[in-house]
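Enquirer: Numbering (the working numbering), first residue to last: 1 to 220. Even for Gly, the Cβ is constructed at its ideal location relative to N, Cα and C.
1. On the DSSP bridge list, what partners appear for residue 199?
2. Give the DSSP-derived three-state secondary structure of residue 25 in the structure shown.
3. I believe residue 67 touches residue 94 by the beta-carbon criterion, under 8 Å. Please report the beta-carbon distance rounded to the nearest angstrom.
4. Look at residue 5 and residue 63 and say whether their C-beta atoms are less than 8 Å apart.
5. Locate the beta strand (DSSP E) running through residue 52, then write down its first and last residues.
6. Tell me the rounded alpha-carbon separation between residue 199 and residue 188.
7. DSSP on residue 13, reduced to helix/strand/coil?
8. Out of 18, 13, 28 and 202, state which residue places its alpha-carbon closest to the alpha-carbon of residue 107.
9. For the beta strand (DSSP E) that contains residue 79, what are its first and last residues?
10. Could you spell out the range, first to last residue, of the alpha helix (DSSP H) harbouring residue 165?
11. Return yes when the Cβ of residue 126 is within less than 8 Å of the Cβ of residue 57, no when it is not.
12. Quick one: is residue 196 buried, meaning 16 or more other Cβ sit within 10 Å of its Cβ, or exposed?
13. Does the distance from the CB of residue 10 to the CB of residue 36 come in under 8 Å?
14. Please classify residue 220 as buried or exposed, where buried requires at least 16 neighbouring CB atoms within 10 angstroms.
15. Measure the CB-CB distance between residue 111 and residue 119 and report whether it falls below 8 Å.
16. Checking 8 Å against the spacing of the C-beta atoms, do residue 207 and residue 171 come in under that value?
17. Suppose you measure from the CA of residue 15 to the CA of residue 161; what does that come to, to the nearest Å?
18. Would the beta-carbon of residue 44 fall within 8 Å of that of residue 2?
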């Protein structure tokens with residue numbers, strides 16, 4: 001069954017180019033396009049897409065507010081932020097609004113399709129450039145705490161093991177369970193078990209929320 005996608009982008013040329021990529025992709029059906037956030041919310045309710053590709057800098061209603069409205073409406077659509085903004089505040093705001101992933105407009109068509117497929121399957125997707133940007137910011141903030149013990153105590157608050165912290169760092173980088181297993185030289189079942197344990201300990205429902213919590217709490 002094809003993944004139904006709604007594209008919300010105000011720049012005509014970018015929207016046309018992205019639409020072409022989506023239309024050529026196997027197992028993806030572009031069901032509608034919107035040029036502003038308000039229309040994006042309306043079309044989301046009308047078409048109930050599996051995935052919404054959402055720009056941030058939209059007219060009328062911006063992408064972050066549109067994301068929040070869609071999530072608050074009870075729709076189960078996954079939202080992939082698609083933007084050129086490399087700003088960690090935007091990343092946190094978008095994910096806090098309920099976005100399921102974040103990818104840069106400079107991504108290749110293959111990366112874009114992979115991101116759409118991943119979040120449709122429930123896997124968090126953070127563009128590597130964005131993950132590095134946010135992690136760099138977190139590390140700078142952590143240094144101002146001055147006491148490494150305080151950061152360590154923060155980790156202990158969640159009860160994460162050293163191995164789970166390694167897995168969590170890879171989740172933040174956007175790696176899937178098979179990729180985590182390969183990176184850490186463990187079985188896929190073990191990687192899956194670690195991810196499940198991390199979600200429970202962080203009191204979150206999915207990998208995206210785990211990544212947000214990790215970055216906000218300075219766990220990675």
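Expert: The short version:
1. Residue pairing of residue 199 in beta bridges, as defined by DSSP: absent, with no partner found.
2. Correct three-state label for residue 25: coil.
3. At roughly 6 Å, the Cβ-Cβ gap stays under 8 Å, so residue 67 and residue 94 are in contact.
4. Not a contact, by the Cβ cut-off of 8 Å.
5. Membership of residue 52 in the beta strand (DSSP E) is indicated by the continuous run 51-54.
6. Taking the straight line joining both Cα atoms gives about 17 Å.
7. In this structure, residue 13 counts as helix in the three-state DSSP scheme.
8. Taking only the C-alpha atoms, the option nearest residue 107 is 18.
9. Where residue 79 is concerned, the enclosing beta strand (DSSP E) stretches over 78-83.
10. In the DSSP assignment, residue 165 falls within the alpha helix (DSSP H) that extends over 162-172.
11. Their beta carbons are not under 8 Å apart, which means residue 57 does not touch residue 126 by this criterion.
12. Sixteen is the threshold: since fewer than 16 other Cβ atoms of the shown chains lie within 10 Å of the Cβ of residue 196, the residue is exposed.
13. In this structure, residue 36 lies closer than 8 Å to residue 10 by Cβ.
14. Buried: at least 16 other Cβ atoms inside 10 Å.
15. No, these two residues do not count as a Cβ contact at 8 Å.
16. Contact flag set, yes.
17. Roughly 44 Å separates the two Cα atoms.
18. With a cutoff of 8 Å on beta-carbon distance, residue 44 and residue 2 are scored as not near each other.
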